Amino acid sequence: MVYVGLAKKIIDPALSLSLLGLAFITWPSSSRAEFLPAQEKATDTLTLSCPQLEEDYILGSGDRINVKFLELEELNDQYLIPADASISMPMIGSISVAGLTIQQFTKAIKAEYLRFFKDIPLVSVTLLAPRPVNVLVSGEIANPGSYTIPLSTGSGDPRPGIQNPNITEAIELAGGATLTANLRQVQVSRGQTSTEEQQFQVNLWQLIENGDRCQNITLRDGDSIFIPTANNSNLTQVRQLALSKLATDIEQPRSVVVVGEVKRPGSYVVQGGNTTIEIRLGGLPTVTRALQLAGGVESSAALRQIQLKRLTSIGTEQIINIDLWKLLQQGDLNQDTIVQDGDTIIVPRATNIRPAEVTEVAKANFVPTTIQVSVVGEVVRPGLIEIPSGATLNQALQAAGGENSRAKRGLVQLIRLNRNGSAVKREIEIDLAAGINEQVNPLLKNQDIIIISRSNLAVFSDNINVLLGASVLPFVRIIQAFGLTPR
3 MVYVGLAKKI IDPALSLSLL GLAFITWPSS SRAEFLPAQE KATDTLTLSC PQLEEDYILG
63 SGDRINVKFL ELEELNDQYL IPADASISMP MIGSISVAGL TIQQFTKAIK AEYLRFFKDI
123 PLVSVTLLAP RPVNVLVSGE IANPGSYTIP LSTGSGDPRP GIQNPNITEA IELAGGATLT
183 ANLRQVQVSR GQTSTEEQQF QVNLWQLIEN GDRCQNITLR DGDSIFIPTA NNSNLTQVRQ
243 LALSKLATDI EQPRSVVVVG EVKRPGSYVV QGGNTTIEIR LGGLPTVTRA LQLAGGVESS
303 AALRQIQLKR LTSIGTEQII NIDLWKLLQQ GDLNQDTIVQ DGDTIIVPRA TNIRPAEVTE
363 VAKANFVPTT IQVSVVGEVV RPGLIEIPSG ATLNQALQAA GGENSRAKRG LVQLIRLNRN
423 GSAVKREIEI DLAAGINEQV NPLLKNQDII IISRSNLAVF SDNINVLLGA SVLPFVRIIQ
483 AFGLTPR
């Protein structure tokens, strides 16, 4: 084939380069990511600082490019870069674009055509359609894995055109960071060649807390994002993270287990607001919401010592101490932390119950309003009674009308049903004048049973009546037959 004009001498060696307004960074130029020179693969980790410099686009499989020669239109063509990253061009044959920027690839074309031309040809390479960005997200992320992010069109900055995705978009696409994430040391690995890899560190906490947009770096195809596990939990920061766009969607239901001093221990699906009605009310999926679903805490609960156990992505367990007494007394909302899927909430039993606190705790919305106990035996109104949460043995006896004349004074039996099906029975010498006291006037739990026995005199009287009733019954019937029953 004969190419017309190939023998013409190109006297101007200038290089024309056009990117069709490709916008690599979505933030202003004063807050772009700084990519320092590539190190040997998997070596040092670089920490980002502002201002940052834009990095040249690296060509790869899936890019569509246009190669244009000035005065040599016969060589002009468009190419879709295949999987092996090599394209076939007129005269020079196969040429690799793997790992090259547009400028580097342009120089490579010039070098190849110098074998056929006396002077350097004037050529421009244009990126027509960039490939989607494939990234790997791992660590403290809801759904770790590989994700393909298509490039979006928009206003761009500083040039209008196509926008590459940033790191926050990738995290959101992967379901958001977990509440055990260390966002101060997010690690990004970027392959430069088969033997070189650039690693740097991003502080996304600066983005959440201070709006530092330079941390929201633009991603490149093949980037790997790793979110490490935080060594400890700060309740204030956990709440900030949970309410940010970088965390799992706050509206998403999550399964938790509640055990200990609650009315109905077990597994619950927690969602903000009221999940028992069709129209969901406002609210957050917090510890107190989980306690409400479990029927509320018992009056014997140690609110200052609640523990939340949370598994991390590496299989370790974090223990977060919760003090709901601070929530009640100081309004510390951070104590009512947002729960995460898989959390376990442990409500221990208090060893020292303060009477003044029982009244305050009973007003909380995570405590049941009432409990039911059974009072049987020698009381005025035996049966199942409903009493306020936090009520004591004395209050239950009063609600049943008090002991009758046949009761054994000063001594009752309290039967408490355990969750494993067993029961504990104890005798209590009651003191009607005592306040809350585990020995003589204990706090009651739901489904407790109180038994008031007969006095010795009542037992003797009942036995006599039975015996006398059996011996005199025939005579009474004879008298009744003759109509001599006294009126």
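In the numbering used here, the protein residues as written are 3 to 489.
Backbone N, C-alpha and C define an ideal beta-carbon position, used for all residues, glycine too.
Just so it is clear, the structure is predicted and the values come from calculations on it, not from any experiment.
CB-CB length for residue i against residue j, believed under 8 Å
i              : j              : result
glutamine 337  : leucine 329    : 4 Å
leucine 61     : leucine 102    : 6 Å
alanine 176    : leucine 243    : Contact doesn't hold; Cβ gap of about 15 Å is too wide.
leucine 286    : isoleucine 340 : 6 Å
leucine 245    : isoleucine 355 : Not really, about 35 Å apart at Cβ, beyond 8 Å.
valine 289     : tyrosine 270   : Going by Cβ atoms, the distance from valine 289 to tyrosine 270 rounds to 12 Å, so no, they are not a contact pair.
isoleucine 67  : glutamine 80   : 7 Å
serine 391     : valine 369     : 5 Å
isoleucine 432 : proline 357    : In fact, because the Cβ distance is near 17 Å, the residues do not count as touching under 8 Å.
leucine 305    : leucine 248    : With a Cβ gap of about 31 Å, leucine 305 and leucine 248 do not count as contacting.
alanine 296    : proline 255    : The pair is not a contact, with the Cβ atoms about 16 Å apart (cut-off 8 Å).
isoleucine 104 : leucine 129    : 6 Å
leucine 293    : glycine 344    : Rounded, the Cβ-Cβ distance is 17 Å, inconsistent with contact.
valine 264     : arginine 291   : Actually they are not in contact, since the Cβ atoms of valine 264 and arginine 291 sit about 13 Å apart, beyond 8 Å.
proline 350    : glutamine 307  : 5 Å
arginine 418   : aspartate 450  : 6 Å
Status (buried if at least 16 other CB within 10 Å, exposed otherwise) for residue i
i              : result
glutamine 374  : exposed
glutamate 75   : exposed
glutamate 253  : exposed
serine 407     : exposed
isoleucine 527 : Residue 527 cannot be examined here, being either before or after the span of the chain that is shown, 3 to 489.
glycine 298    : buried
glycine 147    : exposed
isoleucine 279 : No answer about isoleucine 279 holds up, because its pLDDT of 42 lies below 50 and its placement is not dependable.
proline 132    : buried
serine 302     : buried
glycine 385    : exposed
aspartate 65   : buried
glycine 262    : buried
glutamate 405  : buried
valine 426     : exposed
leucine 459    : exposed
isoleucine 321 : exposed
leucine 434    : exposed
Nearest candidate by alpha-carbon position, reference residue i, set the options
i                 : options                        : result
arginine 456      : Leu446, Arg421, Arg411         : Arg411
serine 140        : Ser226, Leu335, Asp121, Val349 : Ser226
threonine 170     : Gln201, Val258, Pro134, Ile229 : Ile229
asparagine 168    : Thr180, Thr150, Asn184         : Thr150
lysine 311        : Ser302, Val260, Ile389, Thr394 : Val260
phenylalanine 118 : Leu181, Asp214, Val99, Met93   : Met93
isoleucine 454    : Lys447, Ser376, Glu388         : Ser376
leucine 153       : Glu142, Gln106, Trp207, Asp223 : Asp223
glycine 379       : Ile143, Gln397, Ala409         : Ala409
threonine 361     : Pro350, Ile347, Trp327         : Trp327
arginine 186      : Asn396, Gln208, Leu313         : Gln208
threonine 346     : Asn448, Lys447, Glu319, Ser315 : Glu319
lysine 447        : Ala393, Ala436, Glu114, Gln441 : Ala393
Run of the beta strand (DSSP E) containing residue i, from where it starts to where it stops
i              : result
glutamate 388  : 385–390
threonine 150  : 147–151
valine 258     : 256–262
glutamine 189  : 188–193
valine 378     : 372–379
arginine 241   : That residue, arginine 241, is in no beta strand (DSSP E); its alpha helix (DSSP H) goes 237–244.
lysine 70      : 66–71
valine 495     : With the chain covering 3 to 489 only, the question about residue 495 has no answer from this structure.
isoleucine 347 : 346–349
glutamate 199  : 199–204
leucine 310    : 308–313
glutamine 80   : 79–82
Span of the alpha helix (DSSP H), counted from its first residue to its last, around residue i
i              : result
isoleucine 111 : 104–115
leucine 175    : 169–175
glutamine 331  : 326–332
valine 426     : Not the alpha helix (DSSP H): valine 426 falls in the beta strand (DSSP E), residues 425–431.
arginine 291   : 289–295
Cβ-based neighbour list, residue i, same chain, cut-off 6 Å, excluding 5 preceding and 5 following
i              : result
alanine 85     : Ser63
asparagine 236 : none
lysine 70      : Asn78, Ser126
isoleucine 348 : Val261, Gly262, Gln309
Chain-order list of residues whose beta-carbon lies under 7 Å from that of residue i (same chain, five-residue window excluded)
i             : result
leucine 221   : Val135, Val137, Asn166, Pro167, Asn168, Ile169, Ala172
valine 478    : Note on valine 478: pLDDT 49, under 50, position unreliable in the model; no value is reported.
glutamate 429 : Leu413, Gln415
arginine 383  : Ala402, Gly403
glutamine 397 : Ile389
alanine 144   : Ala176, Gly177, Gly178, Thr180, Thr250
alanine 87    : Gly62, Ser63, Ser98, Val99, Ala100
Chain B within 8 Å of residue i, Cβ atoms only
i             : result
glutamine 307 : Given the protein chain composition of this structure (a single chain), no chain B is represented.
Contacts around residue i, its chain only, beta-carbon distance under 8 Å, and the 5 residues preceding and following it disregarded
i           : result
leucine 335 : Arg241, Leu329
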